[in-house]
Each structure stands twice: as C-alpha cells, then as structure tokens.
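Numbering (the numbering used here), first residue to last: 9 to 682.
We put the beta carbon where it would ideally sit given N, CA and C, even for glycine.
Right, one structure below, let's go through it.
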Ligand code: IVH
C-alpha cells in the first residue's frame, strides 16, 4: 500500500477510535459494539506494525493498557517533589507575604500566580525529546513508584509534546500535575461498583488513587481519570522567566492547565482570589481543598529556596472543611443484593455545606471500631470530598454514659439467617439464600434498566410483591397475572395491564443484558458483554470452566471463580430453568453476527499442540463458528497442525485459507501459552 494512503487511513482510524473512546469512557454512551471497536483497533495496530515509519507516539494504540505488573518499581525524581506549607486564615496569608518580603529584603510589590489546589494525586511526568518516557507517583518526594503504563491510559496526558518552532520541546523535562476524577464520573463509577457488588470508593480522591495504583493498567484505562498540570521540575533548557510563562508553555505543549488560574499584582489580590474561588468551589466539576499562591518570578523563587522540603515561595491556603456536629441516634443494618450487611448511622439531620444529611454509611464493623463510634455519640460529620456524608470522628468529651456499643448482629435482621464474616474480608454477610432483602435487591437488579428493563417494576412494587410472598425469585415475575397484581396496594387495572405488557415485552432481552440481569457477583455490564462475545449460548456459558474464562482478556481469577460458582449453584440453575419455561429467551444467543467466528466453518488437520481436537471444536463453537470433518466449498479455514494429512492438499488446490495453530490462537483471541 502507498505510504500516503496508509498515513491517511491511520489518521482516520485514530480519529474514529478517539471519538469512540470518548463515547465509551466519558459519555458512557457507546455507538458501536465492542467487536466493531476491536476491529478498528486491530486494523490500526496492524498498520502501525507494518509501517514502523509512522509515528505512534500519539496513537490511541498506546493507551489501551498493558499486561498486569507484579509490582511497581521505584523511580528517582530528577528534582525533589516538594510539599506545601499551609495557611488556614487571611492572617496566615499576610504572614506568608511578610516572610517573603523580609527574606528578599525588597520594597516593591511581589507578583503572584494563584491556582486552585486540586484534591487528587500528584504525579511526575518525564518527557525525553518530547516523548513521555516515565510517569511516577510522588512517593516520599525523592523516590516514587513507576506508574508509566497507567498514566499513559489517561487521555489528557500527551504521549508526545506538541512542539512549535517558537516553543520547541526540551531535551528532557519533568512536568508535575494532579491526577483527579470529576465528581460526576466518580458518582457514576460508584453506582456501577455498587451494582456489581463491589465496595464504592469513599471520595473522588480515593477513586483516583485506587485507579492509578492498579497493577493491571487495563483497569486504569477504563477509569475516567483526568489531569491538570501545574509546574515543571527539572528542565534541560529554561527559557521562561516566570511561573506564568511556564504554565503558558505547558499549555502550548498540549498539557491541561486549570482555567481558573489567575495572576495577582499583590497579596491583597491573592486574598480576594481565595474568597472568589471559595465561592465558586461547589460549582466546579472536580474537588479542590484550597488555593495555592506562588511567587511568579522564577529568579525570586530561586532566591527564596526551600525550607524543610517546602518552598518558601509558595503556600497552600486551605478552605475551612465543610464539617458539622450532630448526634448518632441509631445504627441500622442494610442488606445488599450479595448479602453484605452494611451498618448505617441515622443522625439528627444537619446541614453540611448547603445540604441536609441524616444518614452516613459506617462501612463495616472494623471501621466502627477504628473510629470508636457508639450509638448516642456526638460526632463530627463531613461530606467526604464534599459529596458523600461521612462520620469523621467522635467527640468523646460529649459522652454522658448513656451511649451504647454497636455490634454486628449474629443473625440477619431481614431473614434471621446466620451472619458470617469470611477470613480476610471486612464485610459481614447473611448466608440466607431466601433472605427477602437480598431477594428484593436481586429482583430489583434483574428488572432494572441495564438488565431485563421491565418498565414499571420499581422498588416499591418489588418490595410489596416479595413481602406478600407473591414472588420469591426473578423468574416468578413471569408467572404474575392480573389477579395477583390487583391484590397489591394502589394497583389499578390499568397499571396492572401496563406492567404485564412490560413483562411480556422483556422476554426477549439481548443476551448480554440477560447475563447482567442475573446479578452474578463482579459481572457488570462490561464483563457481561465480554462473555457474550466468547459464549454464544447460555448453555455453553453455564458449562464453562475457570480455565476457559481466564483466557478472556480482562477476566481474572476472582471474576472467573464468581461466574463458575454462580452456575454451579443448584438454586441458580433452577431459576434459569424456570425462566426458560416461562418463555424468556435471550436474543442473539445463536450465531450472533457479532460473534467473531459467526458463520465460519473450520476443518482441522494434523496434531495441535495447545489443544485437543475436541477442545478446539468447543472454542470454535463458543465463538459462533462450525467445525467439520471434511473440506467442502463452504470451508473457510483449514487449521494445519503437526504432520497434516490429505485435507491440506485439497485446500491448497482451492481458495480456502490455510492457517497454522498460532494464527488460529490469534483468530480465537486465545493467548498462546494457554
Ligand atoms: S505546587 C513546590 N500547585 O498539593 C510546589 N500543588 O502539598 C509543589 N496540589 O503534592 C506543588 N494543586 O499534590 C501545586 N496547583 C497546585 C496544586 C498542588 C494540588 C497538591 C500536590 C502537592 C500538594 C502539596
């Protein structure tokens, strides 16, 4: 292919992939199937492999994440990553200014740059000849952890600096910034985690930190992380005279700079800025915990130097935390879909940062013990990262002796079954299979939008149906009739009809929604989709093994174990059977067009090294293809192993593709070292 054409096509593919990444990761609203996406990516990877002269530095192929690491290695920062001294009041800002003036012994006004102080994770990015080579956490300031592969997955971090003639990329440069997660993205991620039976993150900062410190960068790649850059560490050639100029250079090189950064002619303007930002703080899409004031002139910065690992030329001015005091009136237990018991504090309602709060999750028994919380305690509450209410600490001085110790109940408050706590787990779980709380949650999940999508089957109706013992499992929904529905409170003829129609309509769900609806632990919408790519029918999925699941990229031992356990459980199989009897039939289960080998016919000849023939057959079938013993005009592929037979000769005289075992492994998405 002509290099011009190749360049044009790679550009097209990159634009398309970037567009679909945005639809998937940021808007949560993909326009194309995973298979179509993978095809675009595969085509691009192939072109980049074949034409190494095409620059890949800025290609989306560099951002997909890599195989998991054993552990992070240590990296030295080229210049130390300092921390900041704090000011908590106007007076302390004024004192900061006076210190500087005394130290520099100057009379003229000092200019400052004022910046929001992001509440995220500090990172150091090293670029050599304009290319991102190392990315690290702050660590102890001198040595951090190498998280390069993770940082490369963040769309806002340039893999290659944009260089212009008047703003060339230096030979080597360290760029500092704060990785964060937007509040909305954080809430969406938490909603998803809760749906998938995983513990939610306490606040956006923890979510960002947890995502960045993943040993498996493919997980990081799916987390909505962002960055603002705010400074330069070591640089081989300094051309700017002020911090503000440096920020402008960063922006021209393609780094994201916070749009609220300001310039101040004197310290009074800095104080005004502090109040202004405090005012708009709640409207920002990300969390900040203060502002940073920095002396603008680099020459003055150098003269000021550092004291005990904080620069004299900068200070963090923290906002007063949005905290209030209230009383814990009771601690109740909530039972989730997977049986986890979560203690929740019921508090005297109190306004925190403009919002009234009256409950806060206490997470688990360990957390309660750690914080020393008792029922009746006066406590300080805050909205963690200003979003989720959180009990910060107990004010012990307010105790009067009537406070009561809280213990996890030995029996589930919803069904009376035993509560167990597995070794190594913080969570206590109810082991009652028929626990109505779990049943309610499971049925709600089953009927919800991402699952069977039964309109009108909301929380209240599910609760009534379960309490009246009309339904005990998700399959019972399909045995409802008008007579049963009309026994419910406030259920009129018309809404009963509507609900029955919606139930009827839900009988042919897309296969992936059906799998998601089953509520298998750790199987969210994404994993469900992956499973339908590999397994075209429910029967094959039910029979799968952990080993087979582990061959799917993105599925690890925990998820694989959870899936096989689910399908081994007799009561789950009974529900699935009951659904089938009721006429629920997932669509797209047979020969889905998106099944990678749909309609393709395979013939094997010779001995395979990684599989037996019957294993190979099962793989082909699970991907929608067929295996036949003889070569006909319908054969698409002949897979030739060691010492192939006559079938191969037959193929060679026709147009059928002959592939080796290695290509077969690639075609079926199996890793070779199975
Ligand atoms: S400047 C020597 N600017 O605050 C200057 N830091 O306590 C060091 N941070 O580790 C940092 N926003 O994680 C700077 N606009 C900003 C910042 C910022 C957030 C964090 C950063 C740093 C910590 C310092």
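Rounding to the nearest angstrom, what Cα-Cα distance links residue 505 and residue 471 in this structure? Straight across, the Cα-Cα distance linking residue 505 with residue 471 is about 19 Å.
Looking at the structure shown, is residue 355 part of a helix, part of a strand, or coil, going by DSSP? Strand.
Roughly how many angstroms separate the alpha carbons of residue 545 and residue 630, rounded to a whole number? 8 Å
C-alpha distance - residue 562 paired with residue 226, whole-angstrom precision: 7 Å
Among the residues of its own chain, which have a CB less than 7 Å from the CB of residue 344, if the five just before and after it don't count? 350 and 449
Could you tell me which residues DSSP puts in a beta bridge with residue 302? 121 and 322
Between the stretch 201-212 and the stretch 80-94, do three or more beta carbon pairs fall short of 8 Å? no
Quick check: the Cα distance between residue 31 and residue 39, rounded to an integer number of angstroms? CA-CA distance, residue 31 to residue 39, rounds to 7 Å.
With which residues is residue 271 paired in a DSSP beta bridge? 121
Have a look at 358, 451 and 254 and flag the residue whose alpha-carbon is nearest the alpha-carbon of residue 181. 254
Got a sec, what are the start and stop residues for the beta strand (DSSP E) residue 634 sits in? 634-636
Indicate whether residue 695 and residue 251 have their beta-carbon atoms separated by less than 8 Å. For the chain, the structure presents residues 9 to 682; residue 695 sits outside this window and is missing.
Helix, strand or coil: which one does DSSP assign to residue 619? Three-state DSSP puts residue 619 in coil, outside helix and strand.
Give me the Cα-Cα distance between residue 208 and residue 378, rounded to the nearest whole angstrom. 19 Å
Quick one: give me the first and last residue of the alpha helix (DSSP H) that residue 587 is part of. 578-589
Can you grab the Cα-Cα spacing for the pair residue 244 / residue 154, in whole Å? If you draw a straight line from the Cα of residue 244 to the Cα of residue 154, it comes to about 22 Å.
Check each candidate in 25, 162 and 339 and name the one with the smallest Cα separation from residue 416. 339
Any chance the CB of residue 125 is under 7 Å from a heavy atom of the ligand IVH? yes
Which same chain residues, not among the five before or five after residue 218, have their C-beta less than 8 Å away from its C-beta? 209
Of all the options 421, 380, 419 and 412, which has the alpha carbon lying nearest to the alpha carbon of residue 401? When each option's Cα is compared against that of residue 401, the closest is 380.
Any non-hydrogen atom of the ligand IVH closer than 7 Å to residue 239 Cβ: Under cutoff, so the answer is yes.
Can you find a heavy atom of the ligand IVH that lies under 7 Å from the Cβ of residue 516? no
Shortest alpha-carbon distance to residue 163 belongs to which of 183, 187, 147 and 267? When 183, 187, 147 and 267 are compared, the shortest CA-CA separation from residue 163 is found for 187.
Would you identify the three-state DSSP class for residue 26, choosing helix, strand or coil? helix
Please state whether DSSP places residue 95 in a helix, a strand or coil. strand
Hey, would you say the C-beta of residue 146 is under 7 Å away from at least one heavy atom of the ligand IVH? Indeed, a heavy atom of the ligand IVH lies less than 7 Å from the Cβ.
Buried or exposed for residue 9, please, with buried defined as at least 16 other CB atoms from any protein chain shown within 10 angstroms of its CB. exposed
Taking 7 Å as the cut-off, is the C-beta of residue 310 nearer than that to any heavy atom in the ligand IVH? no
Determine, using beta carbons only, whether residue 439 and residue 428 come nearer to each other than 8 Å. Their beta carbons are under 8 Å apart, which means residue 439 touches residue 428 by this criterion.
On a CA-only basis, which of 358, 353 and 366 is nearest residue 373? Give me that one, please. 353
With the cut-off set at 8 Å, would you say residue 234 and residue 295 are in Cβ contact? no
Limits of the alpha helix (DSSP H) - the one that residue 45 falls within: 42-58
Please state whether DSSP places residue 222 in a helix, a strand or coil. Reduced to three states, the DSSP call for residue 222 is coil.
Those residues which DSSP pairs with residue 428 across a bridge: 437
Given a threshold of 16 other Cβ atoms within 10 Å of its Cβ, counted over all protein chains shown, does residue 158 qualify as buried or as exposed? buried
Within the stretch 357-381, ranges of the beta strand (DSSP E) (whole runs, at least 3 residues): 363-369
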